[in-house]
Amino acid sequence: VANRYVDFVAETQRIDGNPTAKILRQAPDPDEVVRDYLAGDKTTVIQLKHGIAPLKMYRILRASHVRLRNKSRKPLLA
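In terms of our numbering, the sequence shown opens at residue 111 and continues consecutively.
Here it is in structure tokens:
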């Protein structure tokens with residue numbers, strides 16, 4: 111079954127290249143990541159926008175000497 115699928119894909123794809131076959135990830139621009147973070151964007155949004163893992167984002171911020179935001183505390187219920 112796998113060989114037939116590979117043959118089908120090979121026959122139906124363009125020869126000049128398939129954009130989904132080769133995903134070339136460019137390194138994110140550290141300045142854009144820092145700019146988004148300092149603008150107050152959520153960290154998950156930044157990670158999805160630039161296609162980076164959380165660790166990569168925090169490494170970029172640390173290398174740029176950016177202080178990390180503290181988690182906002184939820185108000186205590188009375």
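Just so it is clear, CB atoms sit at the ideal spot from N, CA and C, and this is done for glycine as well.
Three-way DSSP call (helix, strand, coil) for residue i in this model
i, result
"His175", "coil"
"Pro140", "helix"
"Ile162", "coil"
"Asn180", "coil"
"Asp146", "helix"
Neighbour flag for residue i against chain C, beta carbons, 8 Å
i, result
"Met167", "Of the protein chains in the structure, only one exists, and it is not chain C."
Reference residue i, options the options, closest by Cα
i, options, result
"Pro138", "Arg172, Ala173 and Lys159", "Lys159"
"Arg179", "Gln136, Tyr147 and Pro140", "Tyr147"
"Lys181", "Gly150, Gln136, Asp141 and Glu142", "Gly150"
"Thr153", "Glu142, Met167 and Asp141", "Met167"
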